[in-house]
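In this note's numbering, the protein residues as written are 103 to 887.
The structure under discussion appears below in the form of structure tokens.
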């Protein structure tokens, strides 16, 4: 038996074994049949070559028909189904003798027709939605918040969380003239003792002519907005702790001086560390949340601590906590500064211990640090400041992402998470059930609940509301309404009246899968927004891989796991969570254009696997635990640990076929998704730097400018991109020195030039390039300004 025959037989036997396993699970018959054909062809090829060629030609035709039936005319699913078998045909195309020329030509003709048809499918994108968005200005003078036009005073530019800038120097016509203006490195890099999810997610502030940004280890850096030159650095001095699930800082918050937001502090360059300066009396304040559960108030001019705030500028956020395990509670997102209070929430580690710190939200006086009110979702009616000897509710739902506020309505809006453990619902009280996985509107002066809107009932999937709500005034059939727009992990985008919480676009309740573990239950229905990016349920046919063998392995996984569609309950067997708890949308949120009344987002589609692991008395789980959100987490005190991981092939690529990531634009007045395009390449995901545009995952957010250009990095390839808001077409891109898993921002420098700034430091848990960079771009001097 020659080498060719051996190859066919070995490959065929592998497909027979795997195909038989798949068939026994109720899966496709194809792989078993394909394996039998390869074995027969391999045996016949040395002596009965013409018969082998004819049989293989029929096999290629049948495989092409099966592939089209499963996946449609779509290049990436077809290429991985057909490609290897077309390559295997090449040795058979060589006739063994003159008598074999006819069959060889027949096989060659089949091979050529299928190959050409396959290549032509590259020109077809069945996932693409074409359209034109927001070509007309609907609202001439919308509310944009209190940030001066040239500045960026809050994480979402203002407390409205729009991520919209009124700057218009950069347009679709001149954006390709952007060039690097300056680059700065903070010096704060991942340390060996850090948790795996050490990430650089900050969006800088711009006040006057100074940028302020924090780093993963809570350094606060002040830079000259023109040049990127360092003015001062304050290092919070946090100790390493690998029990934190996250080591990140998404941003800091700013309190303007009494003269108002248009008055910038007189920042100066200082010598020596800012943290060594004596505390000073502060007019303006910067608030820095830290990974060791403190809130620091710093002087924007020098980086010195503010002596009148709390204890010389330092507030301990572990006060009155029921449990204070080191590394279990900290704040990763900037607090909200509004109406004289700084409102702070926190992140509580998921699935480490049923007895964990509280998810309480607290408001402190902006100048003194005195506690004004506290809202604990486990005890929501009692908002007066807690007594010194009292404690908040154990493990109550927290808000780890970024909040927004409407000072005129006197409301602050918090996206809410879940009570830990996320996958076990038997510990939740009636109040915790009400506020889990929701948006809650609290009164800024008292902390009392104005309204709450829940997006997942009895959440067993870690479907926290992950994103800052965006606030705008929206034209509707009933007139202009104060709107709140919030995207969710499961793909729904809710458009609510932010004064009442009532839906502007319809919300329906749809039946959900049942069958929770003993002692728990599953909600009979789940809400769905009329505006959504929800994918269709997964099928075995959606399983993917670079070769037939990892495709087969993914199909076996799919059939071996529990899956009945979205909201299939957790199980010991293992449950597919799709969309996964990474989220269709995450903390990067969306950007809204209040003039055009549209939104821009980056929907993602990645399946995860959730598995409950019994915690037997005296038996500890095998392998490492509590290494971050992914992996096995112990749920100490609960009957189950929980294991979370992406649904991946043996080669380490997603099991479901691409695209995995898009950019999309929607009309907020009609609720219509107007365009949707795959986004990003696998250049930095694969061993070879091939720029295949599959549409890849990412994490981070977009920024819309009045010039009609949207900026977004976020993807797992290291690029900052610019898009046309109207069409969604990519207009420009720049290679970043590290992963851009942060939201960009834009401002005017002292010369009146529009700048675009992106932090590039990577994301530890998704494997992008790590670094410590801040990069700034502006139009070339000979560009069209």
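Glycine included, C-beta positions come from ideal geometry on N, C-alpha and C.
In terms of Cα proximity to residue 286, the closest of 329, 310 and 253 is 329.
Residue 457 carries a coil assignment under DSSP once its states are collapsed to helix, strand and coil. Looking from the CA of residue 400, the closest CA among 412, 394, 822 and 387 belongs to 387. Shortest Cα-Cα distance from residue 220 to any of 170, 734, 799 and 259 involves 170.
Distance check between residue 364 and each of 705, 793, 490 and 250 places 250 closest, using alpha-carbon atoms only. Taking residue 113 as the centre and dropping the five residues before and after it, the same chain places the C-beta of 140 closer than 6 Å to its C-beta, in chain order. Rounded to whole angstroms, the separation of the alpha carbons of residue 606 and residue 241 is 18 Å. Within the same chain, Cβ atoms closer than 7 Å to the Cβ of residue 153 are found at 146, the five residues on either side in sequence being excluded.
When only Cα atoms are considered, residue 342 and residue 394 end up about 9 Å apart.
For residue 652, the enclosing alpha helix (DSSP H) begins and ends at 650–662. Annotation note: the segment 129–217 contains the following uninterrupted alpha helix (DSSP H) runs of length 4 or greater, listed N- to C-terminal: 132–146, 151–173 and 177–194. In this structure, 711 is the residue among 711, 526 and 383 with its C-alpha nearest to the C-alpha of residue 756. Put simply, the backbone Cα of residue 228 is about 8 Å away from that of residue 175. Partner residues in the beta bridge of residue 612, as assigned by DSSP, are 628. Nearest C-alpha to residue 726 among 713, 745, 708 and 741: 745. By the Cβ test, the segment 690–698 is not in contact with the segment 153–169, since fewer than three Cβ pairs between them sit closer than 8 Å. With a cut-off of 8 Å on Cβ pairs, the segment 519–532 is in contact with the segment 559–571, counting three or more such pairs. Considering only 108, 731 and 334, the residue with the shortest C-alpha distance to residue 314 is 334. Counting C-beta pairs closer than 8 Å gives three or more between the segment 566–576 and the segment 500–520, which meets the contact rule. Rounded to whole angstroms, the gap between the alpha carbons of residue 120 and residue 435 is 47 Å. Beta-carbon to beta-carbon, residue 662 and residue 127 are separated by about 6 Å, close enough to satisfy the 8 Å threshold. Per DSSP, the beta bridge partners of residue 551 are 544.
Per DSSP, the unbroken alpha helix (DSSP H) holding residue 119 starts and ends at 105–126. In this chain, the beta strand (DSSP E) harbouring residue 813 covers 811–814. Nearest Cα to residue 336 within the set 408, 849 and 292: 408. Counting along the chain, no beta strand (DSSP E) covers residue 684, and no H or E run does either. Where residue 779 is concerned, the enclosing beta strand (DSSP E) starts and stops at 774–780. Distance from the CA atom of residue 489 to the CA atom of residue 473, rounded to whole angstroms, is 11 Å.
Within the segment 492–549, the runs of alpha helix (DSSP H) at least 4 residues long that lie entirely inside it are, in chain order, 532–537. According to DSSP, residue 767 shares a beta bridge with 702 and 777. Where residue 396 is concerned, the enclosing beta strand (DSSP E) starts and stops at 396–400. With contacts defined as CB atoms closer than 7 Å, residue 117 and residue 133 qualify as a contacting pair.
In terms of CA proximity to residue 762, 749 leads the group 749, 149, 771 and 768. Here DSSP, grouped into helix, strand and coil, assigns residue 225 to helix. Per DSSP, residue 830 lies in no beta strand (DSSP E) segment and is marked neither H nor E.
Going by DSSP, residue 574 is part of the beta strand (DSSP E) stretching over 572–578.
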